[in-house]
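Student:
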Amino acid sequence: MMDRQIVKQATRQSRRQFLAAVGGAGLALTVRPVEATPASMTLAIRRVVGEAVVKPGKVKLELPPLVESGNAVPMSVTIDSPMTAKDFVKAIHVFTEKNPQPNVISVQLGPRAGRASITTRIRLADTQKVVAICQMSDGSFWSDSIEAIITLGACLEDNLI
Amino acid sequence: MARTLINVPAKAKRGEIIAIKTLISHVMETGFRHSNLGVRIPRDIIDTLVCTYNGEEIFRAVLYPAIAANPFITFHTVATESGTIAFQWTGDNGFSAKASAKITVE
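Line by line, the protein sequences give chains A and B.
Numbering-wise, the first sequence is residues 1 to 161 according to the working numbering.
Numbering-wise, the second sequence is residues 162 to 267 according to the working numbering.
(1) Name the DSSP beta bridge partners of Ser106(A), please?
(2) Looking at C-beta atoms only, is the number of pairs between the stretch 209-221 of chain B and the stretch 240-254 of chain B that lie closer than 8 Å three or more?
(3) Out of curiosity, what's the CA-to-CA distance linking Leu224(B) and Val200(B)?
(4) Does the count of Cβ pairs from the stretch 224-241 of chain B and the stretch 173-186 of chain B closer than 8 Å reach three?
(5) Between the stretch 79-95 of chain A and the stretch 124-141 of chain A, do three or more beta carbon pairs fall short of 8 Å?
(6) Return helix, strand or coil for Met75(A), following the three-state DSSP convention.
(7) Just curious, the beta strand (DSSP E) that Leu184(B) is in, first and last residue?
(8) Note down the Cα distance separating Met189(B) from Ile207(B), rounded to an integer number of angstroms.
(9) Cβ closer than 7 Å: which chain A residues qualify as neighbours of Thr238(B)?
(10) Helix, strand or coil for Thr42(A) per DSSP?
(11) What separation, rounded to the nearest whole angstrom, lies between the Cα atoms of Pro232(B) and Thr120(A)?
(12) At a Cβ cut of 8 Å, what residues of the stretch 62-91 of chain A count as close to chain B, listed as they run along the chain?
(13) For Ile79(A) versus Ile133(A), is the C-beta spacing smaller than 8 Å?
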């Protein structure tokens, strides 16, 4: 009688331990998806601009107002600049807030570009803020940002990002 | 060899701003995806596009995994003289592709 009680207790104990162990392992196995945070975007921007102040204006970032699929989103960046030998856009950088990596594209231009404007297609993992920053020949930085609304992220459909 | 498609006007007036469109076939594998077996698919992207006009560099783009597959990039330049506009894409795993277009400036 006594023996049976002990055995019962022991099995109950081990089952409890087992469940606890499995639960713990389950928690440990839950992998957090890679994702850039607003903080990492700020860091990536700082890495490009250094200590300089980024002022809003001059840059025009265009994205469709509502994006159906984040796999290929047309994006254009246009900068209001005369593009002369003395006053031109040196570089354009684009960043996102929630993609696995904040950088999207970095472009170097010169006065020979004539017009500071680029177009490309980007991936967006989620509804998020997209920031375009340009560097002028005098060293000043200007920016524009857009909240892009994605109905189907590049992650959901087939885990593209 | 990756397929490339570039669009440069064949003729332009001196000083005219021309639009250049470039497209190249490439998967642009991000390196963040996992296969069905849970193995991470290694990154395989084009990371640089350089454009030269008669040997002088006029445009350089650094691409990251957030650029969609088959990178399509357009930009502008001033038509200064007749000659060749050349493009070079380079990327992971020693990827390299070249293309060029002739332009006549009047």
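Heads up, the beta-carbon is just placed ideally off N, CA and C, and yes, glycines get one too.
Tutor: In short, the structure shows the following:
(1) Numbered from 1 along the first sequence, position 106 holds the residue referred to as residue 106(A). Bridge partners of Ser106(A): His93(A) and Val223(B).
(2) yes
(3) Here residue 224(B) corresponds to residue number 63 of the second sequence, with the count starting at 1. Here residue 200(B) corresponds to residue number 39 of the second sequence, with the count starting at 1. Taking the straight line from one Cα to the other gives about 24 Å.
(4) yes
(5) yes
(6) On the first sequence, position 75 is the one that residue 75(A) refers to. Three-state DSSP puts Met75(A) in a strand.
(7) Looking up residue 184(B) in the second sequence gives position 23. Taken as a continuous stretch (DSSP letters only), the beta strand (DSSP E) holding Leu184(B) covers Ile178 to Ile185.
(8) Here the question's residue 189(B) lines up with position 28 in the second sequence. Here the question's residue 207(B) lines up with position 46 in the second sequence. Their backbone Cα atoms lie some 7 Å apart in a straight line.
(9) In the second sequence, residue 238(B) corresponds to position 77, counting from 1. Correct list: Arg112, Ala113 and Gly114.
(10) By 1-based counting over the first sequence, the position of residue 42(A) is 42. Helix, per DSSP.
(11) Residue mapping note: residue 232(B) aligns to position 71 of the second sequence, counting from 1. Residue mapping note: residue 120(A) aligns to position 120 of the first sequence, counting from 1. Approximately 7 Å, taken between the alpha carbons.
(12) Asn71, Ala72 and Val73
(13) One-based indexing of the first sequence puts residue 79(A) at position 79. One-based indexing of the first sequence puts residue 133(A) at position 133. For Ile79(A) and Ile133(A), no; Cβs fall outside 8 Å.
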